[in-house]
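Written out below as structure tokens is the structure these notes cover.
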Amino acid sequence: MNPAIAIHQASKRFGSLKAVDCVDLEIAQGEFFALLGPNGAGKTTLINLLSGLSRPDSGKLAIMGFDVSREYRKARRSVGVVPQELVFDPFFTVREVLEVQSGYFGISGNAAWIDEILARLDLSSKADTNMRALSGGMKRRVLVAQALVHKPPVIILDEPTAGVDVELRQALWEFIRSLNASGHTIVLTTHYLEEAEALCNRIAMLKAGKIVALDTTSNLLKSCKARHVKLQISPDSLPDALLPGFIGRESGYHVLKLDEFSDLESILETLRQSGARITDMVLPHPDLEAVFVEIMRTP
Amino acid sequence: MKGFYSLLYKEVVRFWKVGFQTVLSPLLSTMLYLLIFSHVLGDHVEAFPGVAYVSFLIPGLAMMALLQNAFANSSSSLIQSKITGNIIFLLLSPVSYPEIFLAYVLASTIRGVLVGCGIFLITLWAVDIPLKFPLWALVFALLGSFILGATGIVAGIWAEKFDQLASFQNFIIVPLTFLSGVFYSIHSLPPFWQEVSHLNPFFYLIDGFRYGFFGVSDISPYFSLLVVSICLAAVSLFTLGLLKSGYKLRN
Numbered sequence: 001m002n003p004a005i006a007i008h009q010a011s012k013r014f015g016s017l018k019a020v021d022c023v024d025l026e027i028a029q030g031e032f033f034a035l036l037g038p039n040g041a042g043k044t045t046l047i048n049l050l051s052g053l054s055r056p057d058s059g060k061l062a063i064m065g066f067d068v069s070r071e072y073r074k075a076r077r078s079v080g081v082v083p084q085e086l087v088f089d090p091f092f093t094v095r096e097v098l099e100v101q102s103g104y105f106g107i108s109g110n111a112a113w114i115d116e117i118l119a120r121l122d123l124s125s126k127a128d129t130n131m132r133a134l135s136g137g138m139k140r141r142v143l144v145a146q147a148l149v150h151k152p153p154v155i156i157l158d159e160p161t162a163g164v165d166v167e168l169r170q171a172l173w174e175f176i177r178s179l180n181a182s183g184h185t186i187v188l189t190t191h192y193l194e195e196a197e198a199l200c201n202r203i204a205m206l207k208a209g210k211i212v213a214l215d216t217t218s219n220l221l222k223s224c225k226a227r228h229v230k231l232q233i234s235p236d237s238l239p240d241a242l243l244p245g246f247i248g249r250e251s252g253y254h255v256l257k258l259d260e261f262s263d264l265e266s267i268l269e270t271l272r273q274s275g276a277r278i279t280d281m282v283l284p285h286p287d288l289e290a291v292f293v294e295i296m297r298t299p
Numbered sequence: 300m301k302g303f304y305s306l307l308y309k310e311v312v313r314f315w316k317v318g319f320q321t322v323l324s325p326l327l328s329t330m331l332y333l334l335i336f337s338h339v340l341g342d343h344v345e346a347f348p349g350v351a352y353v354s355f356l357i358p359g360l361a362m363m364a365l366l367q368n369a370f371a372n373s374s375s376s377l378i379q380s381k382i383t384g385n386i387i388f389l390l391l392s393p394v395s396y397p398e399i400f401l402a403y404v405l406a407s408t409i410r411g412v413l414v415g416c417g418i419f420l421i422t423l424w425a426v427d428i429p430l431k432f433p434l435w436a437l438v439f440a441l442l443g444s445f446i447l448g449a450t451g452i453v454a455g456i457w458a459e460k461f462d463q464l465a466s467f468q469n470f471i472i473v474p475l476t477f478l479s480g481v482f483y484s485i486h487s488l489p490p491f492w493q494e495v496s497h498l499n500p501f502f503y504l505i506d507g508f509r510y511g512f513f514g515v516s517d518i519s520p521y522f523s524l525l526v527v528s529i530c531l532a533a534v535s536l537f538t539l540g541l542l543k544s545g546y547k548l549r550n
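If you read the sequences in order, they're chains W and U.
Going by the working numbering, the first residue of the first sequence is number 1, and it counts up by one from there.
Going by the working numbering, the first residue of the second sequence is number 300, and it counts up by one from there.
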């Protein structure tokens, strides 16, 4: 079975800036995949190379086995892209936009599917409204609808929830989850790391155009060395011996760094010897944000 | 071909939805030209023997409006799409670059011919204009629309802001149309300016178009047809090359 996305040694340069630098990446069909990275890491450029909005300087990219340059028609029919920017055509209504978009993909008589997407995205009541009259959240939903009119097997969402309220965000993810469950491959970029952690089974992290981490979400979380322990003690003063590992105070807790879980034993021993009594202790699990920060700080 | 039809439909609906600006407004301004020039010059100028100046003027004005509107349609649509960012929906689609070219050019042709026909129809009740060779008139109208529709694509791709597009229109398209013999026969010009006029491709469009009405022209309509056809081939190849390369669109 062809991978949903196959990228081999793709590079793209803008002047002296290497936006994408020799990237190799394969995403299997049916995955829910996150592409993470700070601003300017190359996420959108990589998406543009995949979708044909930009052309690579070198390397090969394929969607569902179709080369994005040589077989661009088949490749583009296989992918739906929700762009990051809130763009719209001010001359048309929501339904007209979706009908024209269907036509671009060679589809006529698409009314039933358009009605279904509109209903799933809670846009049915706005079907005959001009795009200019929609709120930002609704315009965002229309962008999602436009990416889905041709029922693409691969859906790429470039920060789809930026500036979207909580209710819509949850409804949108529920919809995208159901698409993934029905076999669509989802590729997502987001700055909301908790979304990526909750939704995606595999994650790639980009930094300065290169992939610096690529693994399943659970493996990435396990790999995090940045652990800490939160302690409430009485009297509320840390012994001097623990000050080198002190990170800071948080809601009445002393936060101490743990290089290994076994460090906990020596911390407890030091507290016992100093006569301090532990009144509460929290050992938080590392989240994706901690993993992200750790990886991005690595030179 | 469905992608081509959809883009053509979208482009025609786009200008039709703002018909006051894209169709009625050029009709009005052209009628004002006609009113003023025919009133001021009507009794003093005879461009072709036996042809009243106002009759001579109407085909020229119709062609001028046709050319300018064909250019305006593709260029303004493209730059609006680029600036608002919605060009992305077309670029993400599998519509091929020849289909994009054809759709924009044909939509421009429809608008140009609509405005040109409108002028002709409005003046028909007041002025007696012969239409000796309608096929010649139609061929030059279509060729003119194709050339300016394609030129509009080039301008729309090249321009990054409305100011640049306005410069293209005001410093290239408008002077070339005004100095192409819309208001006069080039035989009324001094020899030097007659030679200069021969370098203006719009002159051949208007002269050939006028031949379709009066059966009289400044130069042979066959020669005009040759020049115009060469211009169309050159502009089309250049525009197709731009679209294929993705210049200023796919970067």
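Cβ atoms here follow ideal geometry from the backbone N, Cα and C, with glycine treated the same way.
In this text the structure is predicted, and so the values were computed from the model without any measurement.
Look at residue 108 (chain W): its C-beta is under 8 angstroms from a C-beta on chain U. DSSP, reduced to helix, strand and coil, places residue 416 (chain U) within a helical segment of the structure shown. The beta carbon of residue 175 (chain W) lies closer than 6 angstroms to those of 120 in the same chain, with the five residues before and after it left out. Residue-level contact check: residue 51 (chain W) touches chain U, since one or more beta carbons of chain U fall below 8 angstroms from its beta carbon. For residue 517 (chain U), no beta strand (DSSP E) segment is defined, and its DSSP state is neither H nor E. Scanning its chain for C-beta atoms nearer than 6 angstroms, with the 5 sequence neighbours on each side dropped, one finds around residue 398 (chain U) the residues 302, 303, in chain order. By the Cβ neighbour-count rule, residue 517 (chain U) is buried, with 16 or more other Cβ atoms within 10 Å of its own. Counting C-beta pairs closer than 8 angstroms gives three or more between the segment 349 to 367 of chain U and the segment 407 to 425 of chain U, which meets the contact rule.
Within the same chain, Cβ atoms closer than 6 angstroms to the Cβ of residue 34 (chain W) are found at 188, 196, 200, 203, the five residues on either side in sequence being excluded. Residue 431 (chain U) sits in coil when the DSSP states are folded into three classes, being neither helix nor strand.
Counting only residues of its own chain and dropping the five nearest sequence neighbours on each side, residue 337 (chain U) has a CB closer than 8 angstroms to the CB of 352, 353, 356.
Contact between the segment 33 to 47 of chain W and the segment 178 to 188 of chain W is present: 3 or more CB-CB pairs across the two stretches fall below 8 angstroms. Membership of residue 63 (chain W) in the beta strand (DSSP E) is indicated by the continuous run 58 to 63. Contact between the segment 273 to 281 of chain W and the segment 208 to 226 of chain W is not established, with fewer than three Cβ pairs separated by less than 8 angstroms.
Interface with chain U (8 angstroms Cβ-Cβ cutoff): residue 91 (chain W) is included. The beta carbon of residue 394 (chain U) falls within 8 angstroms of a beta carbon belonging to chain W, placing the residue at that interface. Counting only residues of its own chain and dropping the five nearest sequence neighbours on each side, residue 54 (chain W) has a CB closer than 8 angstroms to the CB of 12, 45, 48. CA-to-CA, the gap between residue 247 (chain W) and residue 65 (chain W) works out to about 49 angstroms. Residue 254 (chain W) is bridged by DSSP to W:231, W:249. Closest in alpha carbon position to residue 432 (chain U), among U:530, U:309, U:515, is U:515. Judged by DSSP in its simplified three-state form, residue 281 (chain W) adopts strand. Counting of Cβ neighbours within 10 angstroms places residue 1 (chain W) among the exposed residues, the total staying below 16. Here residue 8 (chain W) carries a strand assignment [DSSP, helix/strand/coil]. With respect to residue 307 (chain U), residue 405 (chain U) sits close: the two C-beta atoms are nearer than 8 angstroms. Taking C-alpha positions only, residue 160 (chain W) is separated from residue 297 (chain W) by approximately 26 angstroms.
Here the segment 261 to 270 of chain W makes contact with the segment 227 to 242 of chain W; the two share three or more CB pairs at distances below 8 angstroms. Ranked by Cα distance from residue 533 (chain U), the options U:449, U:428, U:460 are led by U:449.
The straight-line gap separating the alpha-carbon atoms of residue 260 (chain W) and residue 39 (chain W) is approximately 32 angstroms.
At the C-beta level, residue 369 (chain U) and residue 411 (chain U) come within 8 angstroms of one another. The Cβ of residue 146 (chain W) sits closer than 8 angstroms to at least one Cβ of chain U.
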